[in-house]
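The opening position of the sequence shown corresponds to residue 1 in the working numbering, with each subsequent residue numbered one higher. Cβ atoms here follow ideal geometry from the backbone N, Cα and C, with glycine treated the same way. Keep in mind the model is a prediction, meaning the values are calculated, not measured. What follows is a short report on a single structure.
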Amino acid sequence: MQDHSEAEREESYSVRLAELARLYLKLGTIGFGGPAATIAMMEDEVVRRRHWITHEEFLDFLERQI
Numbered sequence: 001m002q003d004h005s006e007a008e009r010e011e012s013y014s015v016r017l018a019e020l021a022r023l024y025l026k027l028g029t030i031g032f033g034g035p036a037a038t039i040a041m042m043e044d045e046v047v048r049r050r051h052w053i054t055h056e057e058f059l060d061f062l063e064r065q066i
C-alpha cells in the first residue's frame, strides 16, 4: 500500500480542481444552444472523454436536478 504525504494529496486536489475549472470555463465559453446542448456537452466531456463518472451516474445526477 502506498503512503501519500499531505503535500502530495493537496497537490493532487489542486490539479483536479484546476482541471474541473478549465472544463467549466470551456463549457461556459462554447456552450451555445440552451440547456439541452449544454447537458449534451457535459455528458460528452465528463462521461465519454474523461471517464470521471459512468453514464448511469450522470443520468442519476441529472435526474436529481430536475
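Please determine, among the options, the residue with the shortest C-alpha to C-alpha distance to residue i.
i   : options            : result
Q65 : R50, I53, I39, A18 : I39
Mind checking residue i: buried by the 16 CB within 10 Å criterion, or exposed?
i   : result
S12 : exposed
Check your understanding: Does the region 22–30 come close enough to the region 41–51 to have 3 or more Cβ pairs within less than 8 Å?
Key -> yes
**Study point:** Length-filtered (4 minimum) alpha helix (DSSP H) runs lying within the region 20–65
**Key:** 34–43, 55–65
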